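Report on the structure given below.
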Amino acid sequence: MTGDRAGNYRILHEADLRDYLAGLLDIRKLVGGEPASWPVTEVGDGNLNLVFIVKGARGGIAVKQALPYVRLVGESWPLPLSRAHYEYLALSRQAQLASGLVPAVLHHDDKLALTVMELLEPHIIMRKGLVAGTRYPRFASDVTTFMARTLFFTSDLALSAAEKKEGIAAFAGNHALCKITEDLIFTDPYRIAEQNRWTAPYLDGLAAALREDMDLHVAISRLKLKFMASPEALLHGDLHTGSIMVTESQTRVIDPEFAFYGPIGFDVGAVLANLLMAYFASAGHERAPGERAAFEAWVLETVEQVWNEFARKFLDLWRGGAAGDAYPVALFAGEQGAARLEAERQAYMQRLFTDAVGFAAAKIIRRIFGLAHNIDFELIEDPRMRATSEARAVRLARAMMVEAGAFPAVADITGAARKLRNWQPKLAAG
38 MTGDRAGNYR ILHEADLRDY LAGLLDIRKL VGGEPASWPV TEVGDGNLNL
88 VFIVKGARGG IAVKQALPYV RLVGESWPLP LSRAHYEYLA LSRQAQLASG
138 LVPAVLHHDD KLALTVMELL EPHIIMRKGL VAGTRYPRFA SDVTTFMART
188 LFFTSDLALS AAEKKEGIAA FAGNHALCKI TEDLIFTDPY RIAEQNRWTA
238 PYLDGLAAAL REDMDLHVAI SRLKLKFMAS PEALLHGDLH TGSIMVTESQ
288 TRVIDPEFAF YGPIGFDVGA VLANLLMAYF ASAGHERAPG ERAAFEAWVL
338 ETVEQVWNEF ARKFLDLWRG GAAGDAYPVA LFAGEQGAAR LEAERQAYMQ
388 RLFTDAVGFA AAKIIRRIFG LAHNIDFELI EDPRMRATSE ARAVRLARAM
438 MVEAGAFPAV ADITGAARKL RNWQPKLAAG
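Everything in the sequence shown is counted per my numbering, starting at 38 for the first residue and increasing by one.
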């Protein structure tokens, strides 16, 4: 799968897109009315792609087109269009494994790197809701079902070795997106990099300390190696609260263009990290002291639910007759064998939790000192308050990465977060 497609690809603007969609009979029927009357609105606020909403007399659709460069940076950072192909493959597989938790794909054009999907309304990007202090009672149940099913059923626990290797091969070409992760998450925040940024000058000292922290450099390098060398399951690859659309009763996971076979803990850790960042950012969105206490309590409860429910569902799938080539049932016959296998399952989950804790820490640090930041922090208007919230998150993240043994259970993480809620860091002068 090549990334240039110079002879066929073109960037579609609003008028071009309307004409293109008018030629797709099924899409034309779904939207309804005359194409000339369809409003087409570009709404992409992400880092990489164009996203359009198209509405007609009968309904609406969402259209996503990959650009041949990183949108956040511009043409100086080229990027393969083939990522749209991998996103389509991932969405198709996720729809099979976690029905109703991803948007339905209505049309895909490989040459134009374009995918037409159902329009999710009245869903909003979860991160925006968290900034506003909204609670989502369905989220923990839905996201853990999505993760447990997509990760378990693409792992060696559920697949034959041949099936697993075919899966790895199908996504192996998505290495350009993996390279972005390898650099922006696991490398750049710990060195001087042109595109790094942070809340200066308040966090200048903390940024310099990260660049000198050899314990942290060892820990992040081990995580980077695991990311590159452990194809445990098909990952979403970018599972943060900006890639999840929600209402109070529904959850949809979107944007799996970073999909590849990697360590299971990476996806789980990404969800935990983004909830923890929402928790620490919350103080900066208060209009009165204690106003968001109930919301913050819900966020930390959700952190615990996400891990506990994921682990329970993943184990239930494993216990329910797993047919993969890993841990062959024939080797664990009888009562003694069953007991040993269950002990091994528990040990597996503990290792997975340790991985998730480390990856969560890496995700937090990159969003504060790397290229792409979160609106959770960015929308805090007072820069000193923003830096204070970020420093609290980084203090927890460093401990999670370097002192992983201090967090044997998820309650240890939420407990540490609570203790840091009102900690006052020493910031550089503004």
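We put the beta carbon where it would ideally sit given N, CA and C, even for glycine.
Quick caveat, the model's predicted, so the values are computed rather than measured.
Whose C-beta lies closer than 6 Å to the C-beta of T224 among residues of the same chain, with five residues either side of it excluded? In the sequence shown, the residue the question calls residue 224 occupies position 187. For T224, where only same-chain residues beyond five positions count, there are no Cβ hits under 6 Å.
DSSP three-state call for I162: helix, strand or coil? Taking the first residue of the sequence shown as position 1, residue 162 is located at position 125. Here I162 sits in strand by DSSP.
Within its chain, find whatever has a CB closer than 7 Å to the CB of V77; leave out the 5 residues flanking it on each side and keep chain order. By one-based count along the sequence shown, residue 77 stands at place 40. Excluding positions up to five away in sequence, the list reads E51, L54, R55, F89 and V91.
Nearest residue (CA-CA) to R47, options V107, L118 and A367: Looking up residue 47 in the sequence shown gives position 10. With distances taken between Cα atoms, R47 lies closest to L118.
Does DSSP classify V394 as helix, strand or coil? Here residue 394 refers to the residue found at position 357 when the sequence shown is read from its first residue. Of the three classes helix, strand and coil, the one that applies to V394 here is helix, per DSSP.
Evaluate contact between the stretch 212-224 and the stretch 376-394, counting only Cβ atoms and requiring at least three cross-stretch pairs below 8 Å. no
If you drop the 5 nearest sequence neighbours on each side, which residues of the same chain put their C-beta closer than 6 Å to that of L151? Residue 151 sits at position 114 when you count from the first residue of the sequence shown. Closer than 6 Å at the Cβ level, and outside the excluded window around L151, lie Q102.
Between which two residues does the beta strand (DSSP E) carrying H145 extend? Taking the sequence shown and counting its residues from 1, one reaches residue 145 at position 108. Unbroken beta strand (DSSP E) run through H145: V142 to D146.
Buried or exposed: D497, going by 16 or more other Cβ atoms within 10 Å of its Cβ? Nothing about residue 497 can be reported from this structure: the residues present for the chain run from 38 to 467 only.
For T187, the nearest candidate out of P445, M422, L337 and W355 (CA to CA): Taking the sequence shown and counting its residues from 1, one reaches residue 187 at position 150. Taking only the C-alpha atoms, the option nearest T187 is W355.
If you draw a straight line from the alpha carbon of L253 to that of D419, how long is it in whole angstroms? Within the sequence shown, the letter at position 216 stands for residue 253. Within the sequence shown, the letter at position 382 stands for residue 419. About 29 Å.
Inter-residue spacing [alpha-carbon to alpha-carbon] between R455 and T391: Residue mapping note: residue 455 aligns to position 418 of the sequence shown, counting from 1. Residue mapping note: residue 391 aligns to position 354 of the sequence shown, counting from 1. So the two alpha carbons sit approximately 20 Å from each other.
Just to confirm the assignment, what range does the alpha helix (DSSP H) spanning I412 have? For the purposes of this step, residue 412 is taken as the residue at position 375 of the sequence shown. Counting along the chain, the alpha helix (DSSP H) containing I412 begins and ends at I412 to E415.
Can the beta-carbon of L287 be found closer than 9 Å to that of D179? Locating residue 287 in the sequence shown gives position 250, counting from the first residue. Locating residue 179 in the sequence shown gives position 142, counting from the first residue. The sequence as given places Gln at residue 287; Leu does not occur at that position. Yes, the pair counts as a contact, with Cβ atoms nearer than the cut-off.
Hey, quick one: how far does the alpha helix (DSSP H) through A367 stretch, first residue to last? The sequence position of residue 367 within the sequence shown is 330, counting from 1. Element bounds for A367: n/a, residue is neither H nor E.
Quick one: is V80 buried, meaning 16 or more other Cβ sit within 10 Å of its Cβ, or exposed? Along the sequence shown, one-based indexing puts residue 80 at 43. Looking at its Cβ environment, which holds fewer than 16 other Cβ atoms inside 10 Å, V80 is exposed.
State the Cα-Cα distance for the pair W114 and A380, rounded to the nearest angstrom. Along the sequence shown, read from residue 1 onward, the residue named residue 114 stands at position 77. Along the sequence shown, read from residue 1 onward, the residue named residue 380 stands at position 343. Computed Cα separation, rounded: 48 Å.
By the three-class DSSP mapping on this structure, what secondary structure does W114 have? Counted from its first residue, the sequence shown places residue 114 at position 77. Strand at W114.
Range covered by the alpha helix (DSSP H) that runs through E333: Start at 1 with the first residue of the sequence shown, and residue 333 comes out as number 296. Its alpha helix (DSSP H) spans residues A330 to R356.
Compute the beta-carbon to beta-carbon distance between S426 and F317, rounded to the nearest angstrom, for a pair I have assumed lies under 8 Å. Residue 426 sits at position 389 when you count from the first residue of the sequence shown. Residue 317 sits at position 280 when you count from the first residue of the sequence shown. Their Cβ separation, rounded to whole angstroms, is 5 Å, which keeps S426 and F317 in contact under 8 Å.
In this structure, what does DSSP give as the bridge partners for V153? The residue you call residue 153 lines up with position 116 of the sequence shown. Its beta-bridge partners are V100 and H144.
Take every Cβ of the stretch 403-415, pair it with every Cβ of the stretch 224-244, and state whether three or more of those distances are shorter than 8 Å. yes
E203 (DSSP reduced to helix, strand or coil): By one-based count along the sequence shown, residue 203 stands at place 166. Correct three-state label for E203: helix.
Nearest-angstrom Cα distance between L312 and F295? Counting from 1 along the sequence shown, the entry for residue 312 is found at position 275. Counting from 1 along the sequence shown, the entry for residue 295 is found at position 258. Their backbone Cα atoms lie some 20 Å apart in a straight line.
Is the distance from the Cβ of M163 to the Cβ of L128 below 9 Å? In the sequence shown, counting from the first residue as 1, residue 163 sits at position 126. In the sequence shown, counting from the first residue as 1, residue 128 sits at position 91. No; because the gap between Cβ atoms is not below 9 Å, this pair is not in contact.
Can you tell me which of V107, I98, Q133 and R172 puts its alpha carbon nearest to the alpha carbon of L157? By one-based count along the sequence shown, residue 157 stands at place 120. Among V107, I98, Q133 and R172, the Cα nearest to that of L157 belongs to I98.
Take K263 and list the residues in its own chain whose beta-carbon comes closer than 6 Å to its own, dropping the five residues that flank it on each side. Numbered from 1 along the sequence shown, position 226 holds the residue referred to as residue 263. The residues are P300.
Any idea which residues DSSP pairs N86 with across the strands? The residue given as residue 86 occupies position 49 in the sequence shown. N86 pairs with A103.
Just curious, the alpha helix (DSSP H) that P299 is in, first and last residue? As a position in the sequence shown, residue 299 is number 262, starting the count at 1. What sits at residue 299 in the sequence shown is Gly, not Pro. Per DSSP, G299 belongs to no alpha helix (DSSP H); it is in the beta strand (DSSP E), F297 to G299.
Could you give the distance in angstroms between the alpha-carbon of D449 and the alpha-carbon of R95? Start at 1 with the first residue of the sequence shown, and residue 449 comes out as number 412. Start at 1 with the first residue of the sequence shown, and residue 95 comes out as number 58. Whole-angstrom Cα-Cα distance: 51 Å.
Nearest-angstrom Cα separation, counted from G358 out to F189: Looking up residue 189 in the sequence shown gives position 152. Looking up residue 358 in the sequence shown gives position 321. Cα-Cα distance, rounded: 12 Å.
For M282, list the residues DSSP reports as bridge partners. Numbered from 1 along the sequence shown, position 245 holds the residue referred to as residue 282. Paired residue(s): I162 and R289.
How would you label E333, buried or exposed, when you count the other beta carbons within 10 angstroms and need 16 or more for buried? Numbered from 1 along the sequence shown, position 296 holds the residue referred to as residue 333. E333 sits buried, since 16 or more C-beta atoms from the chains shown fall within 10 Å of its C-beta.
Distance between A213 and L247 (C-alpha atoms, nearest Å): Translated into the one-based positions of the sequence shown, residue 247 becomes position 210. Translated into the one-based positions of the sequence shown, residue 213 becomes position 176. Cα to Cα, the separation comes out at about 26 Å.
Verify whether the separation of the beta carbon atoms of L309 and A393 is less than 9 Å. As a position in the sequence shown, residue 309 is number 272, starting the count at 1. As a position in the sequence shown, residue 393 is number 356, starting the count at 1. Cβ distance < 9 Å, so L309 and A393 count as in contact.
Simplified DSSP assignment, three categories, for E79: On the sequence shown, position 42 is the one that residue 79 refers to. Strand, per DSSP.
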